[in-house]
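Report on one structure; see the data block that follows.
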Amino acid sequence: MKCALSITLFFALTGAAADAWLVQNQDDWTELHTFGMYIKSLL
307 MKCALSITLF
317 FALTGAAADA
327 WLVQNQDDWT
337 ELHTFGMYIK
347 SLL
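Sequential numbering of the sequence shown, starting at 307, is according to the working numbering.
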């Protein structure tokens with residue numbers, strides 16, 4: 307039971323860190339996403 311709790315905690319912290327990173331790099335991410343959509347539209 308304790309193991310499952312620590313795994314959940316780990317993913318919660320990792321998720322929070324990922325969210326913070328994405329917000330911090332949102333401009334780059336948006337450009338990357340737009341570029342990805344552009345490539346898809348060409349295919």
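We put the beta carbon where it would ideally sit given N, CA and C, even for glycine.
- request: Compute the Euclidean distance between the alpha carbons of L348 and D334, then round it to the nearest angstrom.
  value: 21 Å
Unbroken alpha helix (DSSP H) run spanning L315, endpoints: That run of the alpha helix (DSSP H) goes K308 to Q330.
task: Could you check the C-alpha separation between I313 and W327 for me, to the nearest Å?
output: 21 Å
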